[in-house]
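Visitor: Numbering that gives the first Met the number 0 numbers the first residue of the sequence shown as 0 and each following residue consecutively. For glycine and all other residues, C-beta sits at the position ideal for the given N, C-alpha and C. Since we're looking at a predicted model, the values are computed, not measured. Input: one structure, supplied below.
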Amino acid sequence: MKLRSTPMSPFGRMVKIAAYVTGLMDSITVEQSNTMDDHDTIRQQNPLGKIPALILDDRVLYDSRVIIEYLDHLAGGGTLIPTETEARFDALRRNALANGILDAALLVIYEARFRPEDKHVESFVDYQRDKIRRALNSIAEAAPVYRNGATPDLGEIGLACCLDYLDFRKQLDWRDHCPDMAQWMMDFSAAVPGYKDTLPPEIDPAPWR
Ligand SMILES: N[C@@H](CCC(=O)N[C@@H](CS)C(=O)NCC(=O)O)C(=O)O
């Protein structure tokens with residue numbers, strides 16, 4: 000299997016950690032993609048032109064959520080996505096929350112990347128940042144504890160990738176909203192395979208990385 004991604008992509012990182020956790024990383028070759036390049040084959044592989052995409056012999060899978068479900072299926076099911084109904088939908092919701100934070104963070108970055116500086120719309124950036132702040136406050140209220148050792152669910156993988164990505168891009172400091180997540184990150188990073196191998200390049204040090 001070939002994974003199109005970049006070392007910076009938080010969604011690609013979720014898939015990589017999912018592959019480590021399920022023991023499938025050795026069956027995956029990672030091929031870099033430049034989504035900004037008109038000639039990059041990612042646009043044929045995924046009509047949305049987005050990474051990650053998993054290239055199989057007979058088809059291409061996207062997006063990260065679908066790829067993670069596929070890896071879980073290959074590993075026999077129930078590792079990354081719990082089978083028990085309540086735990087399953089809670090893990091899926093937490094993954095959706097992390098993905099939503101990342102979508103908002105990416106839109107803030109794209110505002111700066113795609114629009115000339117004099118055309119930046121600050122109200123749009125604030126609108127996206129407010130989503131991130133509300134989501135981080137809701138995580139603080141839920142006060143999660145990391146207990147799953149080497150087998151995180153997809154919501155936990157999403158959350159770790161999301162908090163590290165906010166540190167990487169420095170758009171806002173999640174510690175202002177959910178400071179207790181530092182301990183959660185310590186517990187996650189100490190137990191989960193692939194955590195350190197998949198860190199974004201040159202991310203600032205933290206006690207857990
Ligand atoms: N919902 C998608 C989001 C993927 C995504 O936004 N990837 C970014 C890179 S981290 C991308 O490909 N951006 C290029 C674009 O939007 O054209 C997923 O979960 O995989």
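1. Whose C-alpha, out of R64, L2, S188, is nearest the C-alpha of D56?
2. Could you work out which residue in D62, G77, N98 is closest to G157 when comparing CA atoms only?
3. Any heavy atom of ligand 1 closer than 7 Å to the Cβ of S188?
4. Which residues in the same chain have their Cβ closer than 8 Å to the Cβ of L165, if we skip the five residues on either side of it in sequence?
5. Going by the DSSP bridge assignment, what does K195 pair with across the sheet?
6. Can you tell me the Cα-Cα spacing of D39 and T5, whole angstroms?
7. Using the C-alpha atoms, what's the distance from L73 back to E30?
8. Could you check if T82 is buried or exposed, using at least 16 other CB atoms within 10 Å of its CB as the buried criterion?
9. Which of the three DSSP states, helix, strand or coil, is assigned to I27?
10. Note down, one range per segment and in chain order, each beta strand (DSSP E) of at least 3 residues found wholly within the stretch 4-87.
11. According to the Cβ coordinates, are G154 and K15 closer than 8 Å?
12. Taking the alpha carbon of A159 as the point to measure from, which residue in P143, S137, F187, E121 has its own alpha carbon closest?
13. Quick one: residues in its chain with C-beta nearer than 7 Å to the C-beta of L23, no 5 flanking neighbours on either side, listed in chain order?
14. So what does DSSP say about K169, is it helix, strand or coil?
15. Can you give me the Cβ contacts of V20 inside the same chain, cut-off strictly under 8 Å, excluding the 5 residues immediately before and after it?
16. For P51, which of A86, S8, F88, A90 has the nearest alpha-carbon?
17. Tell me which residues share the same chain as G76 and place their Cβ nearer than 7 Å to its Cβ, disregarding the 5 neighbours each side in the sequence.
18. For L2, list the residues DSSP reports as bridge partners.
Guide: Judging by the given coordinates:
1. L2
2. N98
3. no
4. In chain order, I100, A104, I131, L171, D172, W173 place their CB closer than 8 Å to the CB of L165, counting only its own chain and leaving out the 5 sequence neighbours on each side.
5. In the DSSP output, where bridge partners are listed per residue, K195 has none listed.
6. When rounded, the distance between both Cα atoms is 13 Å.
7. Cα to Cα, E30 sits roughly 21 Å from L73.
8. exposed
9. coil
10. Along the stretch 4-87, the beta strand (DSSP E) occurs as fully enclosed runs of 3 or more residues at 28-31, 52-54, listed in sequence order.
11. no
12. The candidate whose alpha carbon is nearest that of A159 is F187.
13. L70, L73, A74
14. coil
15. Counting only Cβ-Cβ distances below 8 Å, and skipping sequence neighbours, we find T78, L79, A149, T150, P151, I156, V191, P192, G193.
16. S8
17. T82
18. In the DSSP output, where bridge partners are listed per residue, L2 has V29, L53.
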